[in-house]
Amino acid sequence: MAQLKPGVVSGKDYLTLVAAAKAGGYALPAVNVSSSSTINAVLEAAAKNNADIIIQLSNGGAQFYAGQGMKDGFKAKVLGAVAAAYHVHLLAEHYGVCVVLHTDHANKGLIPWVEALLDHGEAYFKQHGKPLFSSHMLDLSEDPMEFNLSECARILTRMAPLDMSLEIELGVTGGEEDGIGGELDESADNSHLYTQPEDVLQAYERLSPIGHFSVAASFGNVHGVYKPGNVQLRPEILKNSQALIEKQRNTGSKPLNLVFHGGSGSEKAKITEAVGYGVFKMNIDTDLQFAYSEAIGKFVSENPKAFLYQIDPETDKPYKKFYDPRKYLRLAEQNMVARLNEAFVDLGSKDKSLAA
Ligand SMILES: [Zn+2]
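Residue numbers (the numbering used here): 3 to 358.
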């Protein structure tokens, strides 16, 4: 088994990590973070499970990291992502696991966000000889295919010399991402809910000569957690996409690096099937947000007076130990770790860390 230095991985090491996951039939959880507390919980969970991990920031998560009070919201989205990346670069190696640093969905309006991050990325590369982020994502699946691919090609051309990878999205995944929502409509054809293997082939032909990329393909997956039964997960779409490229381009098995968006609340059997078809990354956001908040809710409801009074008006008992934010944020982190313990098992990546 290949061994890597613990810490943030990029370039060749990132490819090693992806190849090991595909060959080993497992996937890495990709967790959305928005604070030092959530980042540390993810690092703790990875270390505890002897597993590698993908840490990602949405533009909203990045803005929160910089502070919602920052006047210039765009600047906050850029600087928040950069600040979080520095946090991870500094701490990850001390947790003894490999970490992929990634940014999540950027639609057409957020292309300038990705480009601003690349400005920072180029400066960082000059100084350190490695990229600030391992990869970025462009989600132009709502735009015409030609625009999607030409923009992805343009951005990847800028990323490749920095040893960075690009994640793209084809087809429309249902549900809500940072407030940008698709309606669920399971009537009739829904061909755009399910990515067409021919589109994946087209993306492969355009992008693989430029640099490394991965594909989030829609196979009925939904962002967020909704009542089951609305959309049918059809992982065989992933299998068919791999098969088409293998045949048309004479590649080895599973040439595509696939990403599973909207992993929260998915049936375990479908997850296992998708991973078998070359999914190396599964995004988990909603389930972990709930785990984090669930623990706080439980603590507050068990200790209601500590959130009303600094000192109990009847017994004079001081509540400082209860309302100190570290008390309940730690419980939130621990519950997030517990939910991630499950994810590593579901995705088969527990005890598979490549970190030496
Ligand atoms: Zn998506």
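Every residue gets a Cβ at the ideal spot worked out from N, C-alpha and C, and that includes glycine.
A quick note: this is a predicted structure, and the numbers were derived from the prediction, not measured.
Could you check if residue i is buried or exposed, using at least 16 other CB atoms within 10 Å of its CB as the buried criterion?
| i | result |
| --- | --- |
| F346 | buried |
| V20 | buried |
| A125 | exposed |
| D364 | This structure cannot speak to residue 364, because the chain is shown only from 3 to 358. |
| K249 | exposed |
| D191 | Reliability fails at D191, whose pLDDT of 47 lies under 50, so the model's placement of it is uncertain and the value that follows must be treated cautiously. Exposed is the call here. |
| Y88 | exposed |
| G299 | exposed |
| S216 | buried |
| G82 | buried |
| I313 | exposed |
| F301 | buried |
| A334 | buried |
| T360 | Lying before the first or after the last residue shown, residue 360 is absent from the chain, which here runs from 3 to 358. |
| D348 | buried |
Judging by CA-CA distance, which residue of the options is the nearest neighbour of residue i?
| i | options | result |
| --- | --- | --- |
| N223 | K79, L168, N285 | N285 |
| E207 | M338, M139, A155 | A155 |
| M166 | Q70, S152, G213 | G213 |
| S39 | L151, D353, R332, S355 | R332 |
| A64 | L17, L93, V116 | V116 |
| S37 | Y67, I57, A23 | Y67 |
| I57 | I113, Y28, V11 | V11 |
| I113 | G350, P211, F76 | F76 |
| A357 | Q70, A83, V84, G98 | G98 |
| F282 | E169, F324, L310, T288 | E169 |
| E238 | F221, G254, G82 | F221 |
| F292 | G267, S355, A23, H91 | G267 |
| F309 | F324, G9, K256, L81 | F324 |
| V35 | T288, L246, I157 | T288 |
| S255 | L6, A32, V261, G280 | G280 |
| A271 | S243, I247, Q234 | Q234 |
| E200 | L240, A162, L164, P211 | L240 |
| G131 | V80, P163, E144 | P163 |
| H122 | S143, V84, S152 | V84 |
What first and last residue would you give for the alpha helix (DSSP H) that runs through residue i?
| i | result |
| --- | --- |
| H104 | Element bounds for H104: not the alpha helix (DSSP H) but the beta strand (DSSP E), 100-105. |
| I57 | Careful: I57 lies outside any alpha helix (DSSP H), inside the beta strand (DSSP E) at 55-59. |
| M161 | 147-161 |
| S38 | 38-50 |
| L17 | 13-26 |
DSSP state of residue i, grouped into three classes?
| i | result |
| --- | --- |
| K212 | As written in the sequence, residue 212 is Ile, which differs from the Lys given in the question. Note: I212 maps to coil in three-state DSSP. |
| S266 | coil |
| V84 | helix |
| L134 | coil |
| Y321 | coil |
| V339 | helix |
| L168 | strand |
| V217 | strand |
| Y196 | strand |
| L142 | coil |
| G9 | strand |
| L119 | helix |
| L258 | coil |
| A4 | coil |
| A108 | coil |
| A68 | helix |
| A357 | strand |
From which residue to which residue does the beta strand (DSSP E) around residue i run?
| i | result |
| --- | --- |
| A32 | 30-34 |
| I247 | That residue, I247, is in no beta strand (DSSP E); its alpha helix (DSSP H) goes 238-251. |
| K307 | It is not in any beta strand (DSSP E) - K307 carries neither H nor E in the DSSP assignment. |
| K283 | 281-286 |
Cβ of residue i within 6 Å of any heavy atom in ligand 3?
| i | result |
| --- | --- |
| E171 | As far as ligands go, the structure on display features ligand 1 and does not contain ligand 3. |
*Using 8 Å as the Cβ pair cut-off and three pairs as the minimum, do the segment 336-344 and the segment 37-49 touch?*
yes
*Any contact of the segment 69-86 with the segment 311-324, i.e. 3+ C-beta pairs under 8 Å?*
no
*At least three beta-carbon pairs within less than 8 Å, the segment 134-150 to the segment 94-109*: yes
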